[in-house]
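> One structure coming up, written as structure tokens, with questions to follow.
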Amino acid sequence: SFDQCDAFPVIPSMSEEELKQSQINDPAINEIIHQLETGETSPPTVRNEIPQISILLRELNKLELQNGILYRKRQVGEEIQYQLVLPESLRPMVFKSLHDDMGHLGFDRTLDLTRTRFFWPKMASDIEQRIKS
């Protein structure tokens with residue numbers, strides 16, 4: 001069964017509607033949502049303009065819409081985790097809240113924690129840069 005609570009502790013102040021809207025406002029995520037809903041593939045011009053689309057397309061078979069919100073399925077042993085595909089606009093907030101709540105855990109631990117709940121293109125290098133800064 002799909003348990004929505006998993007994705008939300010880190011974004012406590014956001015409703016499902018706001019989350020949906022923030023994904024739609026993210027050009028790469030919106031393109032993938034459109035593709036999943038319509039079956040139409042994005043034209044190469046769009047893929048060139050927004051490099052993140054190509055990264056998301058490589059994950060397409062793991063991506064799934066739940067109540068209009070895009071998640072990535074991740075198999076962890078026997079269980080399947082649903083990672084919220086996190087729009088760029090929310091990444092700083094999530095990173096800050098994870099980092100502040102969990103203390104300064106270092107790269108591996110922060111990445112693991114983030115991965116249990118979220119997915120976005122180039123996540124590992126993003127986190128690494130933020131930890132260094």
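For the sequence shown, UniProt numbering assigns the number 1 to the initial residue and increments by one for each residue that follows. By construction, the Cβ of each residue, glycine as well, lies at the ideal position given by its N, Cα and C atoms. Quick caveat: nothing in here was measured; it's all calculated off a predicted structure.
Whole angstroms is fine: what's the gap from S15's alpha carbon to H34's?
Their Cα atoms are separated by approximately 21 Å.
> On the three-state DSSP scale, how would you describe residue 157?
Shown here, the chain extends from 1 to 133; a query on residue 157 therefore has no answer.
> Measuring alpha carbon to alpha carbon, tell me which residue in R58, E79, L86 is nearest K20.
Measuring from the Cα of K20, the nearest candidate turns out to be L86.
> Among D108, S42, Q81, which residue has its Cα nearest to the Cα of L56?
Residue S42 is the option with its Cα nearest to L56.
> Within 10 angstroms of the Cβ of A28, are there 16 or more other Cβ atoms? Answer buried if so, exposed if not.
So A28 counts as buried.
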